[in-house]
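Asks: Under UniProt numbering, the sequence shown is numbered contiguously, ending at residue 332.
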Amino acid sequence: MSKRITASIIAATILILALVVQLIGTVFTGEEAENETMGLFASNENLEEKVVERGSGSKRIVELNLEGAIIDNPSTNPNPFGGGGYQHDRFMKKLEAIKKDTSIKGVHLYVNSPGGGVYESAEIHDKLLEVKEAGKTIYVSMGNMAASGGYYVSAPADRIFASNDTFTGSLGVIMESINYQELANEYGVKFNTIKSGEFKDIMSPTKEMTEADREILQTLVDESYQQFVDVIVEGRDMQESRVKELADGRIYSGKQAVENGLVDDIGFREDTLKALKKEIGGDPQVFQYKNTMGSFFNLPLAESLMPNSEIRYIEELMNKRQGPRMMYMYTD
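1. Helix, strand or coil for Val62 per DSSP?
2. Which residues does DSSP pair with Pro284 in a beta bridge?
3. Please determine, among Leu128, Gly115, Pro205 and Leu273, the residue with the shortest C-alpha to C-alpha distance to Ile174.
4. From Ala155, Asp101 and Asn65, pick the residue whose C-alpha is nearest to that of Asp264; which is it?
5. So, are the CB atoms of Tyr289 and Ser121 less than 8 Å apart?
6. Please determine if the segment 54-66 and the segment 93-104 are in contact, where contact requires at least 3 C-beta pairs separated by less than 8 Å.
7. Rounded to whole angstroms, what's the CA-CA distance from residue 344 to Thr206? Just pull it up for me.
8. The beta strand (DSSP E) that contains Met92, what's its start and end?
9. Going by CA-CA distance only, name the one from Ile70, Lys105 and Phe91 that's closest to Leu273.
10. Is it a yes or a no for the segment 272-286 touching the segment 164-178, going by three-plus beta-carbon pairs under 8 Å?
11. What are the complete alpha helix (DSSP H) segments, minimum 4 residues, inside the segment 118-193?
12. Check for me: the alpha helix (DSSP H) holding Tyr225 runs from which residue to which?
13. Drop a sphere of 10 angstroms on the beta-carbon of Leu276, count the other beta-carbons inside from all chains shown, and report buried for 16 or more, exposed for fewer.
14. Just tell me which of Glu270, Asn291, Gly282 and Ile280 has its CA closest to the CA of Gly143.
15. Could you check if Gly188 is buried or exposed, using at least 16 other CB atoms within 10 Å of its CB as the buried criterion?
16. Secondary structure at Leu246, three-state DSSP: helix, strand or coil?
17. Which term fits Lys127, buried or exposed, when burial requires 16 or more other beta carbons within 10 angstroms of its beta carbon?
18. When you compare only the Cα positions, how much space is there between Ile280 and Tyr110?
19. Looking at the strands, I want to know which residues DSSP matches up with Asp265.
20. Using the C-alpha atoms, what's the distance from Asp222 back to Met326?
21. On the DSSP letters alone, give me the boundaries of the alpha helix (DSSP H) that Lys255 sits inside.
22. Can you give the Cα-Cα distance for Val229 and Thr219, rounded to whole angstroms?
23. Tell me which same chain residues have a C-beta within less than 8 Å of the C-beta of Thr145, skipping the five on either side of it?
24. Once DSSP output is grouped into helix, strand and coil, what is the label at Glu48?
25. Whose C-beta lies closer than 8 Å to the C-beta of Ile71 among residues of the same chain, with five residues either side of it excluded?
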């Protein structure tokens, strides 16, 4: 039996196991369900700290990473096979803890994200404003990409750093779906739709979009776009007309973003932290929250049984969300 066939059998077994675990979760209710489904796979949800630079415990800087697509993975339906990437609930818990911790004077936020959901981006943005109102100074360091929703969450920062090669911008909203009506017609596939109103099947992949459909959806996109513009106007202290000139969906390099007033300085993570320490003053302690959440597929057993490419493909399929939604997302 070839290695590929063996890997496929193992992959199928793991997939079935995942479905069984999720089925078990539906038998229980409330807290019991979460404990039963997560107990074998989850680590302690408490926010444990790791000091990375010693200093004053009464004047601290916390380093946060926001990496990957900003999309919620609800803890009410935990996926024990989910990756160790961005986890919205956990990130929001960190921001709430930072807001309440009087010893924290500065936040060093590293953003490396193409963006994500409109709702999730807005939730992070508003929580960062609460953190600022609690007297914390926020500096953002942009990684390879901080586009669309990645920029949206960066806008409240007191100062934004990016490298010359950072991709940022893509300021705007996108909403899309796939229509396969013609393909279905070619193969004689017909759809029976029973609906309560004219627009109940709006954006259905089985029918052509009408002008009325498009107008309704465009109003939703326009509202979210205006919200994005307002966030930049407030966060960057720019004129609305200027923001709209920049917010046409195009991508900017870090250098271009500085020239256009979307970013303050060219620099890397260490430059951002150095500037924040100077702003805070004294000898602040620098710490991070330990990352206690991981992926089943990162376990040594899983990695030894299957090639990484196949592991990641299965993980991606299991985590992928379906259905149209509005996104602050850069797509290439």
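Cβ atoms here follow ideal geometry from the backbone N, Cα and C, with glycine treated the same way.
Replies: According to the structure data:
1. strand
2. Ser56
3. Distances from the CA of Ile174 to each of Leu128, Gly115, Pro205 and Leu273 were compared; the closest alpha carbon is that of Gly115.
4. Ala155
5. No.
6. yes
7. The displayed coordinates of the chain run from 1 to 332. Any statement about residue 344 would go beyond what the structure contains.
8. Unbroken run through Met92 is the alpha helix (DSSP H), His88 to Lys100; no beta strand (DSSP E).
9. Lys105
10. no
11. 118-133, 149-152 and 181-186
12. Glu211 to Arg236
13. buried
14. Nearest C-alpha to Gly143: Glu270.
15. Burial call: exposed.
16. Under the three-state reduction of DSSP output, Leu246 falls in the helix class.
17. buried
18. 18 Å
19. Phe161
20. 11 Å
21. Gly254 to Glu259
22. 15 Å
23. The sequence as given places Met at residue 145; Thr does not occur at that position. For Met145, the CB contacts under 8 Å within the same chain, skipping 5 residues up- and downstream, are Asn112, Ser113, Pro114, Thr166, Phe167, Thr168 and Tyr330 in chain order.
24. coil
25. So the qualifying residues of the chain are Tyr86, His88, Gly116, Gly117, Glu120 and Arg321.
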